[in-house]
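Engineer: Same order as they appear, the protein sequences are chains A and B. Just so it is clear: in the first sequence, position 288 is 288 by the working numbering, and no numbers are missing. Just so it is clear: in the second sequence, position 208 is 576 by the working numbering, and no numbers are missing. The structure is given below, and queries will be raised subsequently.
There are 2 protein chains.
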Amino acid sequence: MSSTFTPIAALGEFGLIDRMKERLAGIPRSENLIEGIGDDAAVYRAGDGVLHVVTTDVLIEGVHFDRSFIPMSFLGWKAISVNVSDVVAMNAKPLYATVSAGMPRNFSVEMMDGLYDGMAEACKAYGMELVGGDTSTAHALYLSITVIGEVREQDVVFRRGARVGDYLCVSGDVGGAFAGLKVLLDQREQLQNLGEAYEPELDAFQYVIQRQLRPRARLDIIKALREKGVRPTSMIDISDGLASEVHHIARRSEVGATVRIPAVPFDPETRAVADQFLDEVDAYALFGGEDYELLFTVDPKDVPTIDDLEGVSVIGTMEEVSKGVRAYSPDTGLMPLHPAGYRHFEGPGDLPESGLDLDDLDLSGDGA
Amino acid sequence: MSSTFTPIAALGEFGLIDRMKERLAGIPRSENLIEGIGDDAAVYRAGDGVLHVVTTDVLIEGVHFDRSFIPMSFLGWKAISVNVSDVVAMNAKPLYATVSAGMPRNFSVEMMDGLYDGMAEACKAYGMELVGGDTSTAHALYLSITVIGEVREQDVVFRRGARVGDYLCVSGDVGGAFAGLKVLLDQREQLQNLGEAYEPELDAFQYVIQRQLRPRARLDIIKALREKGVRPTSMIDISDGLASEVHHIARRSEVGATVRIPAVPFDPETRAVADQFLDEVDAYALFGGEDYELLFTVDPKDVPTIDDLEGVSVIGTMEEVSKGVRAYSPDTGLMPLHPAGYRHFEGPGDLPESGLDLDDLDLSGDGA
Numbered sequence: 001m002s003s004t005f006t007p008i009a010a011l012g013e014f015g016l017i018d019r020m021k022e023r024l025a026g027i028p029r030s031e032n033l034i035e036g037i038g039d040d041a042a043v044y045r046a047g048d049g050v051l052h053v054v055t056t057d058v059l060i061e062g063v064h065f066d067r068s069f070i071p072m073s074f075l076g077w078k079a080i081s082v083n084v085s086d087v088v089a090m091n092a093k094p095l096y097a098t099v100s101a102g103m104p105r106n107f108s109v110e111m112m113d114g115l116y117d118g119m120a121e122a123c124k125a126y127g128m129e130l131v132g133g134d135t136s137t138a139h140a141l142y143l144s145i146t147v148i149g150e151v152r153e154q155d156v157v158f159r160r161g162a163r164v165g166d167y168l169c170v171s172g173d174v175g176g177a178f179a180g181l182k183v184l185l186d187q188r189e190q191l192q193n194l195g196e197a198y199e200p201e202l203d204a205f206q207y208v209i210q211r212q213l214r215p216r217a218r219l220d221i222i223k224a225l226r227e228k229g230v231r232p233t234s235m236i237d238i239s240d241g242l243a244s245e246v247h248h249i250a251r252r253s254e255v256g257a258t259v260r261i262p263a264v265p266f267d268p269e270t271r272a273v274a275d276q277f278l279d280e281v282d283a284y285a286l287f288g289g290e291d292y293e294l295l296f297t298v299d300p301k302d303v304p305t306i307d308d309l310e311g312v313s314v315i316g317t318m319e320e321v322s323k324g325v326r327a328y329s330p331d332t333g334l335m336p337l338h339p340a341g342y343r344h345f346e347g348p349g350d351l352p353e354s355g356l357d358l359d360d361l362d363l364s365g366d367g368a
Numbered sequence: 369m370s371s372t373f374t375p376i377a378a379l380g381e382f383g384l385i386d387r388m389k390e391r392l393a394g395i396p397r398s399e400n401l402i403e404g405i406g407d408d409a410a411v412y413r414a415g416d417g418v419l420h421v422v423t424t425d426v427l428i429e430g431v432h433f434d435r436s437f438i439p440m441s442f443l444g445w446k447a448i449s450v451n452v453s454d455v456v457a458m459n460a461k462p463l464y465a466t467v468s469a470g471m472p473r474n475f476s477v478e479m480m481d482g483l484y485d486g487m488a489e490a491c492k493a494y495g496m497e498l499v500g501g502d503t504s505t506a507h508a509l510y511l512s513i514t515v516i517g518e519v520r521e522q523d524v525v526f527r528r529g530a531r532v533g534d535y536l537c538v539s540g541d542v543g544g545a546f547a548g549l550k551v552l553l554d555q556r557e558q559l560q561n562l563g564e565a566y567e568p569e570l571d572a573f574q575y576v577i578q579r580q581l582r583p584r585a586r587l588d589i590i591k592a593l594r595e596k597g598v599r600p601t602s603m604i605d606i607s608d609g610l611a612s613e614v615h616h617i618a619r620r621s622e623v624g625a626t627v628r629i630p631a632v633p634f635d636p637e638t639r640a641v642a643d644q645f646l647d648e649v650d651a652y653a654l655f656g657g658e659d660y661e662l663l664f665t666v667d668p669k670d671v672p673t674i675d676d677l678e679g680v681s682v683i684g685t686m687e688e689v690s691k692g693v694r695a696y697s698p699d700t701g702l703m704p705l706h707p708a709g710y711r712h713f714e715g716p717g718d719l720p721e722s723g724l725d726l727d728d729l730d731l732s733g734d735g736a
């Protein structure tokens, strides 16, 4: 063991990734590897004109979910979906998944059945297969999933392809998953304060709760875009939050961006939750995360096609890099847009003042 | 949550896998998927005449390793190697790895550096690349790794290809990894009993400790076999133990097998450790596990070639399925050979009486 001890939190998420890349820099690069660490998925040549993409995402009890919140079948669905979302963000179709599952001693066969039923349901919905895995006892429930997808060489889309003048688009609506989490945390607190006599009020918030517990990867959107002949110039899925993902695209593409706040789509239920908690719904939409919608840029010529497409909103434009990443609203004018995404290894950071300090969201919870 | 609670241990390892397969049975099968769950790795068609294989294996602190035993660089090496071993067991060459790492709060940047240095070193040694991953905080250190490899369609080898009359072969030597574990556990106990004044005696056991902490996947063996024009009829890597793996090949191939005990290769250091603990070295060799050597069968015509190959031993023959899996030694004659591998979710089971009750090997240890 080393004699010095630097906490990992000191690096921050990007510092952590940079440090890992440094350690791995000495590995010779294969000519078939097109993209390694740094996009939604790695990309390599699999056959004539066919690329494969591979991505891995983990869900850990007490870090990413609370077993008392989420039915096991939803968790299985979600674990597959968050990985499919990364594959879709490369404009690729998911093919195969492997699952590595760690199960604590208090995990039952019935829970495992639910978990695998949810994964099977997701695989069917996305037209893919679960082909392998590893199981083990563990200290808490964790699911580490890898998904392999395919895309024709001419269709692959990276984060780094946005150009000045491109339009910024988002699928579906955003902020709902965060609103769902707020509701669930609030209901748990009520339940703890008031005991078993308390009847949780969840019916009014079914949409946002489903956004949090059972997100759907937008394979339908990339299919619709392909049918319409639109190939995004860059793309990413929204896991950390819209603002954070705009920064990712801007940085990798070496451009700036302006997000028009009034154009950012949210569901009325998301607004209702924000109102109830005296929060700003724009903050949910910009910084909430876990929506698993697609954020992408298109050439100006494709904007009329996008305007005709249901479930896609044009929310901004890509600018010269010197302009940075900004948000525009009629009230505030042009302002810098902070990324403010969720960082596993960081402290509170520069979060906006809107009740969104994610360190409050302690999911290490009180078990099943 | 379900109202019934059946502990997972009640299923056993095979019951667990069968149950998962049942839940996943409804997923439509792609024509490009050649082998799903059930071999060392899944196999699918990637391009013209080229198959890809994918496997995932996890290492969890307190279940698979003890952080006080293993330097982080060794752990990184081992985590890659155990996955490469599964790829190699399909007669395939490893190409790409993804790493999902969960790090506890008491994990330092220096430890992380060591871990990734070890993974980088392994990637270089096996001629492959680390292309992606996910990191998170976790309750304990865990590493879930997926490796993708490639093999020409005519070269792929499954567990299920052994035929009556084939010869059973093993690479390298076996039992050493288990001997290394015995030494490490014993030294820890001494250290606990005698305190800091105790000087661990590890120099005499460097080979077996290295077998336990830094195993090497036998990519060299499949290259040597290919050069000699030998394609095994079936193959598996030794993770659970030689006896257990013979059972896997026999069951999947629907044949029996006879293992000639005097032909099973072990290192003199492995014998020295067994002698010191008053154990039978044959038990280490048959049931020890974690050797990551290759167990394979060949056509009788290939036996002269195998005899000329350094580092491969012929240890038995494949029989009619009615004969079952047996061991032969001059002392005992022919006897049934129990699998007796390590089962994560099972109790002690039918372990041989040789001090090898793996439930004694509590690795949940006392930390770093």
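Built from N, CA and C at the ideal position, the CB exists for glycine as well.
DSSP beta-bridge partners for E687 (chain B)?
Structural biologist: Position 319 of the second sequence holds residue 687 (chain B). Bridge partners of E687 (chain B): B:G624.
Engineer: Which same chain residues end up closer than 8 Å to E346 (chain A) when comparing Cβ atoms and leaving out the 5 residues on each side of it in sequence?
Structural biologist: As a working mapping, residue 346 (chain A) is identified with position 346 in the first sequence. Any reading at E346 (chain A) must be qualified, since the residue scores a pLDDT of 36, below 50, and its modelled position is unreliable; the value itself is stated next. Excluding sequence neighbours, E346 (chain A) sits near A9, G12, E13.
Engineer: Check whether chain B comes within 7 Å of A92 (chain A), counting only Cβ atoms and requiring the distance to be less than that.
Structural biologist: As a position in the first sequence, residue 92 (chain A) is number 92, starting the count at 1. So no, A92 (chain A) is outside the interface.
Engineer: Rounded to whole angstroms, what is the Cα-Cα separation between K93 (chain A) and G256 (chain A)?
Structural biologist: Looking up residue 93 (chain A) in the first sequence gives position 93. Looking up residue 256 (chain A) in the first sequence gives position 256. Roughly 29 Å between the two C-alpha positions.
Engineer: Checking contacts by CB at 7 Å: is G709 (chain B) closer than that to chain A?
Structural biologist: Numbered from its first residue, the second sequence carries residue 709 (chain B) at position 341. Note that G709 (chain B) scores 47 on pLDDT, short of 50, meaning its location in the model is unreliable; the coordinates nonetheless yield the value given after this. It does not: the Cβ of G709 (chain B) has no partner Cβ on chain A nearer than 7 Å.
Engineer: Figure out for me which residue from B:G533, B:F655, B:T601 has the closest Cα to the Cα of F634 (chain B).
Structural biologist: Within the second sequence, the letter at position 266 stands for residue 634 (chain B). Checked all of B:G533, B:F655, B:T601; the closest Cα to F634 (chain B) is B:F655.
Engineer: Is there a C-beta anywhere in chain B that falls below 7 Å from the one on V88 (chain A)?
Structural biologist: Numbered from its first residue, the first sequence carries residue 88 (chain A) at position 88. Cβ-Cβ to chain B under 7 Å: no for V88 (chain A).
Engineer: For M388 (chain B), which residues from the same chain have a beta carbon less than 8 Å from its beta carbon, with the 5 sequence-adjacent residues on both sides left out?
Structural biologist: As a first step, residue 388 (chain B) must be located in the second sequence, where it is residue number 20. I405, listed in sequence order.
Engineer: Using DSSP with H/G/I as helix, E/B as strand and the rest coil, what is Y710 (chain B)?
Structural biologist: The count along the second sequence starts at 1 and reaches residue 710 (chain B) at position 342. Because the pLDDT of Y710 (chain B) is 42, which lies under 50, any placement of that residue in the model is unreliable, and the question is left without a value.
Engineer: Excluding five sequence neighbours on each side, which residues of the same chain lie with their C-beta closer than 7 Å to the C-beta of A217 (chain A)?
Structural biologist: To locate residue 217 (chain A), count along the first sequence from 1; it is residue 217. Within the same chain, A217 (chain A) has close Cβ partners S81, V84, S85, V88, Y126, Y292.
Engineer: Taking DSSP's pairing of strands, which residues face E497 (chain B) in a bridge?
Structural biologist: Residue numbering aside, residue 497 (chain B) sits at position 129 when the second sequence is read from its first letter. According to DSSP, which records beta bridges pairwise, E497 (chain B) is partnered with B:Y464.
Engineer: Identify the residues that DSSP records as bridge partners of G102 (chain A): which are they?
Structural biologist: Start at 1 with the first residue of the first sequence, and residue 102 (chain A) comes out as number 102. Paired residues: A:S136, A:Y142.
Engineer: Tell me, please, which residues DSSP counts as bridged to M119 (chain A).
Structural biologist: Taking the first residue of the first sequence as 1, we reach residue 119 (chain A) at position 119. For M119 (chain A), which the question treats as bridged, DSSP gives no partner whatsoever.
Engineer: Please report the straight-line C-alpha distance between L559 (chain B) and I27 (chain A), rounded to a whole angstrom.
Structural biologist: Taking the second sequence and counting its residues from 1, one reaches residue 559 (chain B) at position 191. Taking the first sequence and counting its residues from 1, one reaches residue 27 (chain A) at position 27. Approximately 39 Å, taken between the alpha carbons.
Engineer: Using beta carbons (cut-off 7 Å, strictly below), is E478 (chain B) in contact with chain A?
Structural biologist: Here residue 478 (chain B) refers to the residue found at position 110 of the second sequence. Yes, its Cβ sits closer than 7 Å to a Cβ of chain A.
Engineer: What is the rounded straight-line gap between the Cα of S30 (chain A) and the Cα of Y44 (chain A)?
Structural biologist: The residue given as residue 30 (chain A) occupies position 30 in the first sequence. The residue given as residue 44 (chain A) occupies position 44 in the first sequence. If you take the alpha carbons of S30 (chain A) and Y44 (chain A), they lie about 9 Å apart.
Engineer: Can you tell me which of B:T503, B:R473, B:L384 puts its alpha carbon nearest to the alpha carbon of T137 (chain A)?
Structural biologist: Translated into the one-based positions of the first sequence, residue 137 (chain A) becomes position 137. Nearest C-alpha to T137 (chain A): B:L384.
Engineer: Under 8 Å, CB to CB, which of the residues in the segment 587 to 619 of chain B have a partner in chain A?
Structural biologist: Here the close residues number zero.
Engineer: Taking only beta-carbon atoms, is V450 (chain B) less than 7 Å away from chain A?
Structural biologist: Walking along the second sequence from the start, residue 450 (chain B) turns up at place 82. Not an interface residue.
Engineer: Does the count of Cβ pairs from the segment 679 to 693 of chain B and the segment 526 to 533 of chain B closer than 8 Å reach three?
Structural biologist: Counting Cβ pairs under 8 Å, three or more are found: they touch.
Engineer: What do you reckon, are the CB atoms on Y464 (chain B) and E497 (chain B) nearer than 7 Å?
Structural biologist: Against the second sequence, residue 464 (chain B) aligns to sequence position 96. Against the second sequence, residue 497 (chain B) aligns to sequence position 129. Contact flag set, yes.
Engineer: So what does Y328 (chain A) bridge to, in DSSP terms?
Structural biologist: Locating residue 328 (chain A) in the first sequence gives position 328, counting from the first residue. For Y328 (chain A), which the question treats as bridged, DSSP gives the partners A:R260, A:L334.
Engineer: Can you give me the Cβ contacts of H248 (chain A) inside the same chain, cut-off strictly under 7 Å, excluding the 5 residues immediately before and after it?
Structural biologist: If you number the first sequence from 1, residue 248 (chain A) lands on position 248. Here the set comprises R159, I236.
Engineer: Three or more beta-carbon pairs under 8 Å between the segment 47 to 64 of chain A and the segment 143 to 152 of chain A, yes or no?
Structural biologist: The segment 47 to 64 of chain A is in contact with the segment 143 to 152 of chain A.
Engineer: Looking at the structure shown, is P439 (chain B) part of a helix, part of a strand, or coil, going by DSSP?
Structural biologist: Along the second sequence, one-based indexing puts residue 439 (chain B) at 71. Of the three classes helix, strand and coil, the one that applies to P439 (chain B) here is coil, per DSSP.
Engineer: If I measure Cβ to Cβ from L184 (chain A) and keep anything under 6 Å in the same chain, skipping five residues before and after, which residues do I get?
Structural biologist: Here residue 184 (chain A) refers to the residue found at position 184 when the first sequence is read from its first residue. Around L184 (chain A): F69.
Engineer: For S239 (chain A), does the three-state DSSP call read helix, strand or coil?
Structural biologist: One-based indexing of the first sequence puts residue 239 (chain A) at position 239. It is coil, neither helix nor strand.
Engineer: Run through chain A and tell me which residues come within less than 8 Å of Y412 (chain B), C-beta to C-beta.
Structural biologist: Your numbering for residue 412 (chain B) matches position 44 in the second sequence. L95, Y96, V131, listed in chain order.
Engineer: Got a sec? Which residues, its chain only, sit under 7 Å from T6 (chain A) by beta carbon, not counting five neighbours each side?
Structural biologist: Taking the first residue of the first sequence as 1, we reach residue 6 (chain A) at position 6. Nothing listed; no residue qualifies.
Engineer: Would D156 (chain A) and M90 (chain A) qualify as a contact pair, given that the criterion is a beta-carbon distance under 7 Å?
Structural biologist: Looking up residue 156 (chain A) in the first sequence gives position 156. Looking up residue 90 (chain A) in the first sequence gives position 90. The amino acid at residue 156 (chain A) is misidentified as Asp; the sequence shows Val. Yes, the Cβ-Cβ distance between V156 (chain A) and M90 (chain A) is below 7 Å.
Engineer: Hey, which unbroken runs of the alpha helix (DSSP H) at 4 residues or more fall wholly within the segment 380 to 460 of chain B?
Structural biologist: Fully enclosed alpha helix (DSSP H) runs of 4 or longer: 380 to 392, 440 to 456.
Engineer: What residue does the beta strand (DSSP E) around F296 (chain A) start on, and which one ends it?
Structural biologist: Against the first sequence, residue 296 (chain A) aligns to sequence position 296. Segment 294 to 298, the beta strand (DSSP E) holding F296 (chain A).
Engineer: Just to confirm before moving on: does the CB-CB distance between V426 (chain B) and A409 (chain B) stay below 7 Å?
Structural biologist: The count along the second sequence starts at 1 and reaches residue 426 (chain B) at position 58. The count along the second sequence starts at 1 and reaches residue 409 (chain B) at position 41. No; because the gap between Cβ atoms is not below 7 Å, this pair is not in contact.
Engineer: Please report how far the alpha carbon of I606 (chain B) lies from the alpha carbon of L549 (chain B), in whole angstroms.
Structural biologist: Your numbering for residue 606 (chain B) matches position 238 in the second sequence. Your numbering for residue 549 (chain B) matches position 181 in the second sequence. Going by the C-alpha atoms only, they are around 16 Å apart.
Engineer: Along chain B, in chain order, which residues have C-beta atoms closer than 8 Å to that of A10 (chain A)?
Structural biologist: Taking the first residue of the first sequence as 1, we reach residue 10 (chain A) at position 10. Within chain B, the residues near A10 (chain A) are V477.
Engineer: For G133 (chain A) versus S73 (chain A), is the C-beta distance shorter than 7 Å?
Structural biologist: In the first sequence, counting from the first residue as 1, residue 133 (chain A) sits at position 133. In the first sequence, counting from the first residue as 1, residue 73 (chain A) sits at position 73. The answer is no: Cβ separation not under 7 Å.
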